[in-house]
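Colleague:
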Amino acid sequence: MSKNVMVIGTGTIGEPLIGLLAEHKDELGIDNVIFFKRTPLSDEKGKVEALLRKGAKIVSTSDVLSDFKKLGFSDIEDVENAYDDTDVIIDCTPSGNDNWESIYSSLAQSKRFMAQGSEHGFGPFFAWGINNEIFENESNRYLIASCNTHNIASIVKTFALDEGRELTEGQFVCLRRANDVSQNDSFSPSPTITKHTNQEFGTHHARDVHELFAQEGKDLNLFSSAIKLPTQYMHTLWFTLRFTDSIQYEEIMKNLYKSEFLMATEKMSSNKVFSFGRDHGYHGRLLSHGIVAEQSLHVKDNILTGYCFTPQDGNALLSSVAGTIQYYYKDNWKEKMRLFNRYIFKNI
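See the structure below:
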């Protein structure tokens, strides 16, 4: 039986994910990578052509197939057929929950459905390398953690949980970029504060990380704030972790260097890190959970403070791929994921 995967959406997450799956499908053991594009836009013709060259196939709704064909995409097919033929559906739109209600819930429930971090409530959180054991619950719906959730969770795991340190409190400030370099909308011309809408956690970032670890029975004391800055480069995370016992700077650095999912950098500006990703990352993305600015790390007694750059629209990509491969290859999916080690840089 063919192993077919469909990605919904071609935005800042969908586009690189389609490419990542399509270019590595033979090594991953996937037969077809299909992507759904809703609107036939002439100014995005080049993007679609590039994805097709990578080996992906395009589908859309029946009412616009003729418009796509006028743009030159003669091989486009009806998405209704793709819904039946695919085993894994990865929704990369801000409408994952709505699409579940209107479309996915009526499909065969033997399929696996994944949505992105904004779609809170879609299913249990998954972040590659953080909670791989979540697949033991045999749910057919998973929520891929957001970019900042990946970063915060990896900071907590690397410096606290993996080392058996008792974390008494974690505080985080997400210094968010205004929008992506590919976007014209939603740019913020000045620093714009995000409301603390959650009495316990502040913003949804700490709430999401708390929920992710709560799935493993861990109850962490976390709080987050967020502010949007007038930059298109990267999110930056400020963090403070308080432990029961004193910590040593040298031990913290050892923890960082041995982490599989955190990078280290001597660079202190996001444009420098962004530039490295543009030049050397896959689709210009860095796929690690976070890039810790080494010289920002500060240890005083039982408190660790520092900054970490967030590879937005990058660090969640491998989680979507891992969720796909685990569906097909439950015994050796982790081994197959080693394929992507070529895109992981320990130092930048």
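Counting from 1 along the sequence shown, just add 88 to a position and that's the residue number in the working numbering. No residue lacks a Cβ here, since even glycine has one placed at the ideal position from N, Cα and C.
Alpha carbons only, please: which of Tyr321, Gly369, Ile391 and Ser313 is nearest the one belonging to Gln336?
Modeller: Ile391
Colleague: Are the region 378-385 and the region 149-158 touching, with three or more C-beta to C-beta distances below 8 Å?
Modeller: no
Colleague: Of the choices Gly411, Leu385 and Pro399, whose alpha-carbon is the least far from that of Asn343?
Modeller: With distances taken between Cα atoms, Asn343 lies closest to Leu385.
Colleague: Check whether the region 232-242 touches the region 294-308, taking contact to mean three or more Cβ pairs, one atom from each stretch, closer than 8 Å.
Modeller: Flag = yes, the region 232-242 and the region 294-308 touch.
Colleague: Straight-line CA distance for Ile191 to Ile232?
Modeller: 19 Å
Colleague: Quick check: what's the CA-CA separation for Phe428 versus Asp166?
Modeller: 32 Å
Colleague: Which same chain residues, not among the five before or five after Ser334, have their C-beta less than 8 Å away from its C-beta?
Modeller: Asp389 and Asn390
Colleague: Provide the residue span of the alpha helix (DSSP H) that contains Ala110, from first to last.
Modeller: Gly102 to Glu111
Colleague: Start and end of the beta strand (DSSP E) containing Arg330?
Modeller: Counting along the chain, the beta strand (DSSP E) containing Arg330 begins and ends at His323 to Phe331.
Colleague: DSSP has Thr174 in a bridge; who is on the other side?
Modeller: Per DSSP, none; premise fails for Thr174.
Colleague: Starting from Thr237 and walking both ways along the beta strand (DSSP E), at which residues does that stretch end?
Modeller: Thr237 -> not in any beta strand (DSSP E); alpha helix (DSSP H) instead, spanning Cys235 to Phe247.
Colleague: Going by DSSP, what residue range makes up the beta strand (DSSP E) through Lys316?
Modeller: Per DSSP, Lys316 belongs to the beta strand (DSSP E) from Leu310 to Leu317.
Colleague: For the beta strand (DSSP E) holding Ile146, just list the boundary residues, first then last.
Modeller: Lys145 to Ser148
Colleague: Restricting to Cα atoms, I'd like to know which of Lys422, Val147, Asn403 and Gln320 is closest to Asn120.
Modeller: Val147
Colleague: Is it right to say Leu325 is buried, meaning 16 or more other beta carbons lie within 10 angstroms of its own, or is it exposed?
Modeller: buried
Colleague: Taking the continuous alpha helix (DSSP H) assigned at Gly365, which residues delimit it?
Modeller: Ser358 to His368
Colleague: Exposed or buried, which one is Val95 when buried takes at least 16 other CB atoms within 10 Å?
Modeller: buried
Colleague: Do you know how far the Cα of Asp163 is from the Cα of Thr98?
Modeller: 18 Å
Colleague: Can Phe349 and Arg253 be called in contact, C-beta distance under 8 Å?
Modeller: No, Cβ-Cβ distance for Phe349 and Arg253 is not below 8 Å.
Colleague: Starting from Tyr345, trace the alpha helix (DSSP H) both ways and give me its first and last residue.
Modeller: Tyr337 to Lys346
Colleague: What's the call for Pro128, buried or exposed, on a 16-neighbour Cβ count within 10 Å?
Modeller: Counting Cβ neighbours within 10 Å, Pro128 comes out buried, since at least 16 surround it.
Colleague: Hey, could you find the ends of the beta strand (DSSP E) Asn92 is sitting in?
Modeller: For Asn92, the uninterrupted beta strand (DSSP E) run begins and ends at Asn92 to Ile96, by DSSP.
Colleague: Which same chain residues, not among the five before or five after Val443, have their C-beta less than 7 Å away from its C-beta?
Modeller: Because the chain here runs from 89 to 436, residue 443 falls outside it and cannot be looked at.
Colleague: Taking Phe260 as part of the beta strand (DSSP E), name the residues at either end of that continuous run.
Modeller: Leu255 to Arg265
Colleague: Would you mind working out which of Leu375, Thr412, Gly411 and Gly394 sits nearest Pro104, comparing C-alpha positions?
Modeller: The shortest Cα separation from Pro104 among Leu375, Thr412, Gly411 and Gly394 belongs to Leu375.
Colleague: Check Phe301 in the structure and name its three-state DSSP category.
Modeller: helix
Colleague: If we count the other Cβ atoms within 10 Å of its Cβ and call it buried at 16 or more, is Lys283 buried or exposed?
Modeller: exposed
Colleague: Report all residues from its chain with a CB closer than 8 Å to the CB of Phe289; omit the five preceding and five following residues, and keep chain order.
Modeller: Arg295, His298, Leu310, Phe311 and Ser312
Colleague: With a CB to CB cut of under 6 Å and the five nearest residues on each side skipped, what residues in its chain are close to Lys135?
Modeller: none
Colleague: Gly378 lies in the alpha helix (DSSP H); which residues open and close that run?
Modeller: First-last for Gly378: Gly378 to Ala381, but that is the beta strand (DSSP E), not the alpha helix (DSSP H).
Colleague: Can you tell me where the alpha helix (DSSP H) with Met425 in it begins and where it stops?
Modeller: Per DSSP, Met425 is one residue of the alpha helix (DSSP H) stretching across Trp421 to Met425.
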